[in-house]
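So the sequence shown is numbered by this note's numbering: it starts at 87 and just counts up by one.
The structure under discussion appears below in the form of structure tokens.
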Amino acid sequence: ADSLIDQLVVVLQNLLRRYPTEYLTTIITIIGDLEFDTLNTSDAIASYVWIIGEYSSEIAHLEDRLTTLMSQFQDSDPAVQSALLTTIVKINLTKP
87 ADSLIDQLVV VLQNLLRRYP TEYLTTIITI IGDLEFDTLN TSDAIASYVW
137 IIGEYSSEIA HLEDRLTTLM SQFQDSDPAV QSALLTTIVK INLTKP
């Protein structure tokens, strides 16, 4: 089941890249209910981070999620670190 969730998050990211607004409500609902701790692969975590960065205004408790992710920054895969840094820059540039 864990690998299924990981694969789902990667597929959701690809759907949002291909169709940025078409499935947004459904995907954000899924991501909003998903806890980052349930993800096991670097690809899934990086995809999760990309989604919350791209749609930060739609994500509830964004600061809490980012704090949790950043607390594990040193131990994260370089792809996840890159996604986190990009997400934080995006959020700071778009935040009023």
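Note that CB positions come from ideal geometry on N, CA and C, so glycine has one too.
Keep in mind it's a predicted model, so treat the numbers as computed, not measured.
Item: Looking at Thr173: is its Cβ nearer than 9 Å to the Cβ of Trp136?; Value: yes
Item: Give the C-beta separation of Thr127 and Asp92 to the nearest angstrom, bearing in mind that I take them to be a contact with Cβ-Cβ under 8 Å.; Value: 5 Å
Item: Going along the chain, which residues of its own chain have a beta-carbon closer than 7 Å to the beta-carbon of Phe159, five neighbours each way excluded?; Value: Gln167 and Leu170
Item: Return yes when the Cβ of Leu102 is within less than 9 Å of the Cβ of Glu140, no when it is not.; Value: yes
Item: Going by other Cβ atoms of all chains shown within 10 Å of its Cβ, with 16 needed for buried, is Arg151 buried or exposed?; Value: buried
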